[in-house]
Amino acid sequence: MPELPEVETVRRTLEQLIVGKTVAEVAVFLPKIVKEPPDVDLFVQRLIGTTVTGVGRRGKFLRIYFGDWVLVSHLRMEGRYSLAQHDEPVEKHTHVIFRFTDKTELRYRDVRQFGTMHLYPAGEEEQHPPLNKLGPEPLSDDFTLDVFRARLAGRKTKLKALLLNQEFVVGLGNIYVDEALFTAGLHPERPANALTEEEQRRLYESIRSTLSEAVKLGGSSVRSYVNSKGEMGMFQLQIQVYGRKGEPCVRCGEPITRLVVAGRGTHVCLQCQR
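End of the sequence shown = 299 in the working numbering, gap-free, step of one.
This is the structure we're talking about:
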């Protein structure tokens, strides 16, 4: 958490809030969050005087464009951006503040301190970690059924583990893998190369429909996630299996089972997902 729908929602919110603002100062209170460049002072120097020209996303990563530079930011478990006035109290666990010339501030808060920031010349970010090994975007026009089938070919990996692998396809985490597999009627421990063509099609369509609906609803607020305006996502109201251990399946009424697959808690209906 957050996964593709939550990061896309944050991206859209930040785009509304910060594009066109010019950086006056940058304060870094937890240097370990800045991974590139390794010199935090250089990170700060490169950003001062730049203007936010856009906000993008790649998988679960935000890309904030500061003129000729792009900040690649991973929120991990608890990271959150918010826009504040310069005289508003700074919340505890705020680790980076981008102060703009209009007296507003983009603040990055991260209780668990797992988030990361990499600053690269714009256009070069996909040549370097953490973006250089990412798989295709599941909602892009380039991610066709034929592409999906080609990537599945020869893969003996269990479906849950494969879909969590960001080198196979980006943006999916525990919530949306469980939901997509349920929608497709597939057990998370099925080997990927054992799927029929019909099952491949169902899985492909369920991945795209699940993520599309989640983006439409602003993601899932199952823990602490809110967007940069402090608004909750609403997809959790439509969750069918994730986190519903012991509750009746929405299709057949059998209780939802929790398994551990690929080291992750996994929710499944053993009647609908044989």
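Backbone N, C-alpha and C fix where the C-beta goes; we use that ideal spot for every residue, glycine too.
- Short of 8 Å from the beta carbon of Cys294, and not among the five residues preceding or following it, lie these beta carbons of its own chain, in chain order: Phe207, Val266, Cys274, Arg276, Cys277, Glu279, Ile281, Thr282.
- Around the beta-carbon of Thr34, 16 or more other beta-carbon atoms lie within 10 Å, marking it buried.
- In this structure, Val48 keeps its C-beta atom at 7 Å or more from the C-beta atom of Leu67.
- A Cβ-Cβ separation of about 28 Å leaves Tyr145 out of contact with Val115 under the 8 Å criterion.
- A distance below 7 Å separates the beta carbons of Arg101 and Phe139.
- Listed in chain order, the non-local C-beta contacts of Val202 below 7 Å within the same chain comprise Lys185, Leu188, Leu189, local neighbours out to five positions each way being set aside.
- Contact annotation: the segment 230 to 238 touches the segment 149 to 167, with at least three C-beta pairs closer than 8 Å.
- Rounded to whole angstroms, Ile89 and Gly45 show a C-alpha spacing of 12 Å.
- Shortest Cα-Cα distance from Thr75 to any of Val59, Asp64, Asp93 involves Asp93.
- Within the segment 172 to 196, the runs of alpha helix (DSSP H) at least 4 residues long that lie entirely inside it are, in chain order, 184 to 189.
- Between Leu87 and Val32 the beta-carbon gap is near 6 Å, inside 8 Å, which marks them as a contact.
- Contact check between the segment 149 to 156 and the segment 165 to 184: fewer than three CB pairs, one atom from each, fall below 8 Å, which does not count as touching.
- Around the beta carbon of Arg299, fewer than 16 other beta carbons lie within 10 angstroms, which makes this residue exposed.
- Going by DSSP, Arg134 is part of the beta strand (DSSP E) stretching over 129 to 134.
- A distance of 7 Å or more separates the beta carbons of Phe125 and Val51.
- In terms of Cα proximity to Val121, the closest of Pro56, Leu39, Arg36 is Pro56.
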